[in-house]
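Encoded as structure tokens, the structure appears first; notes follow it.
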Amino acid sequence: DSFEEQYYPSTCLVMEAGVRVLRRKDTPFNKLPFGRLFPRQKLFRNIKDIKTCAIVSSAGSLAGSKLGRFIDTHDIVMRFNHAPTQGHEVDVGSKTTIRVVNSQVVTKPEFDFTHAPIFRNVTIAAWDPGKYNGTLEDWLTSADYDLFTNYEIYRRRYPKSRAFLIDPHSVWRLWQSLQMFAGNRAISRNPPSSGFIGLALLLPHCPQVDFVEYVPSTRLNGRCHYYSKEMNSACTFGSWHPLAAEKLMALDMNMAEDDDMSVFQFGILRIRRPDKL
Ligand code: NCC
């Protein structure tokens with residue numbers, strides 16, 4: 070109805086991108102041995118019981134937030150890359166359901182994707198953008214970072230794991246949604262950040278998503294990550310990823326009734342899934 074049309078256009082645009090993980094039945098993977106590595110399970114178990122989800126950005130301004138307890142009350146908690154909870158529980162909580170990881174993290178030896186405990190016993194959704202108009206066959210040979218080798222090692226080592234690859238076409242559709250939202254302001258032709266991809270992946274599975282410290286709060290401190298001392302505001306406002314556009318769009322999706330209080334004081338965006346598109 071008209072209420073929805075007025076209040077949810079950006080949320081609908083993000084939903085319409087259809088960000089998803091690759092499945093065994095998807096062409097060309099249904100004909101390739103590689104496709105048999107994909108888990109048969111769904112991305113989440115007991116989807117009907119999922120009521121609330123938290124997405125924890127890795128932003129430096131989470132330091133000192135004391136949001137850990139709040140984060141852990143959610144049915145699903147999403148985190149990114151190698152962002153730790155250990156030693157930061159008071160601020161970021163200790164529960165992790167899913168990690169969205171970029172292909173550098175899967176590939177570079179320093180992250181030790183195939184062994185490190187941080188990537189075990191959680192759902193993994195790994196992504197690599199590939200070329201903008203590339204086919205999935207092209208992607209298999211020309212990913213920005215060859216995530217396939219370590220993905221295969223990981224899946225063979227832990228056959229029961231829920232480790233998925235995100236459909237790169239759906240990542241670019243999300244970029245198109247972002248461009249649509251931005252209108253005349255051209256955004257860089259680089260994929261959205263893991264944070265925005267994670268939001269789009271989670272939303273279809275979750276009626277209410279609390280995205281923590283994505284739109285920067287008054288705690289803004291110039292640090293890149295809550296888990297390191299590095300100062301770099303580009304982590305928050307963007308350089309390569311179209312991060313500023315993502316955050317404007319996410320802010321437009323916010324449905325918290327006390328919006329200034331939630332977003333800028335507590336650092337929480339509350340995004341509700343539209344009932345229908
Ligand atoms: O820094 P990164 O992101 O791992 O952060 C995860 C997500 O949190 C949000 N974020 C982070 C920092 C900050 N100050 N504000 C934020 O809002 C963003 O939504 C971000 O996506 C990535 O998106 O995968 C990214 O990964 C890093 C890096 O590859 C990994 O951390 C591994 O070291 C990228 N940095 C570099 O390549 C140097 C970053 O650009 C994007």
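For the record, in the sequence shown the residue sitting at position 272 is 341 according to the working numbering, with numbers rising by one throughout. From the three backbone atoms N, C-alpha and C, an ideal C-beta is built for every residue, glycine too. Quick caveat, the model's predicted, so the values are computed rather than measured.
Of the residues the options, the one placed nearest residue i, counting alpha carbons only
{"i": "Arg85", "options": "Thr287, Glu282, Leu270 and Asp328", "result": "It should be pointed out that residue 85 corresponds to Glu in this sequence rather than to Arg. Nearest C-alpha to Glu85: Leu270."}
{"i": "Ile337", "options": "Ile116, Gly307 and Val161", "result": "Val161"}
{"i": "Asn171", "options": "Asp197, Met147 and Ala152", "result": "Asp197"}
{"i": "Ala303", "options": "Gly129, Leu209, Arg225 and Ile256", "result": "Gly129"}
{"i": "Thr80", "options": "Pro108, Gln277, His143 and Arg168", "result": "Gln277"}
{"i": "Leu320", "options": "Phe250, Pro237, Arg89 and Leu289", "result": "Phe250"}
{"i": "Ile340", "options": "Thr121, Gly252, Asp141 and Leu136", "result": "Thr121"}
{"i": "Ile116", "options": "Asp144, Lys100, Arg138 and Glu179", "result": "Asp144"}
{"i": "Leu317", "options": "Arg292, Ile187, Asp279 and Gln248", "result": "Gln248"}
6 Å Cβ shell around residue i - same chain, five flanking residues per side excluded
{"i": "Phe306", "result": "Ala313"}
{"i": "Ala195", "result": "Val170, Val175, Leu216 and Leu234"}
{"i": "Gln110", "result": "Arg231"}
{"i": "Phe72", "result": "Per-residue confidence for Phe72 stands at a pLDDT of 45, beneath the threshold of 50, marking its modelled position as unreliable; the derived number appears in the next sentence. The answer is none, since no qualifying residue turns up."}
{"i": "Gly104", "result": "Arg93 and Phe98"}
{"i": "Asp236", "result": "Arg89 and Leu91"}
{"i": "Phe113", "result": "His274"}
{"i": "Ser257", "result": "Pro311"}
{"i": "Asn301", "result": "Cys293"}
Rounded Cβ spacing between residue i and residue j (contact assumed at less than 8 Å)
{"i": "Ile266", "j": "Val240", "result": "6 Å"}
{"i": "Tyr295", "j": "Ser127", "result": "7 Å"}
{"i": "Tyr201", "j": "Gln173", "result": "No, Tyr201 and Gln173 are not in contact; Cβ-Cβ is about 19 Å, not under 8 Å."}
{"i": "Lys177", "j": "Val159", "result": "Incorrect: roughly 29 Å between the Cβ atoms, too far for contact."}
{"i": "Thr183", "j": "Arg226", "result": "6 Å"}
{"i": "Ala123", "j": "Asp279", "result": "5 Å"}
Close Cβ partners of residue i (< 8 Å) along its chain, the five nearest in sequence each way excluded
{"i": "Arg92", "result": "Phe98 and Phe107"}
{"i": "Val125", "result": "Leu131, Ile140, Val146, Met147, Arg148, Phe149, Ala152, Val161, Gly162, Val281 and Glu282"}
{"i": "His238", "result": "Leu205"}
Residues of its chain near residue i, where Cβ-Cβ distance is below 7 Å and the 5 sequence neighbours each way are ignored
{"i": "Asn259", "result": "Trp309, His310 and Pro311"}
{"i": "Phe333", "result": "Ser286 and Thr287"}
{"i": "Ser191", "result": "Looking at the sequence shown, residue 191 is not Ser but Val. Hits under 7 Å: Thr165, Thr166, Ile167 and Arg168."}
{"i": "Ala212", "result": "Ser172, Asp197 and Gly199"}
{"i": "Ser246", "result": "Leu82, Val83, Glu85 and Ala86"}
{"i": "Trp244", "result": "Pro260 and Pro261"}
*At which residue ranges does the segment 159–240 contain complete beta strand (DSSP E) runs of 3 or more residues, listed in the order of the chain?*
Within the segment 159–240, the complete beta strand (DSSP E) segments at least 3 residues long are 167–171, 192–196 and 232–234, listed from N- to C-terminus.
*Report the residue ranges of all beta strand (DSSP E) runs contained in full by the segment 72–114; include only those spanning at least 3 residues, in chain order.*
As far as the segment 72–114 is concerned, it has no whole beta strand (DSSP E) run of at least 3 residues.
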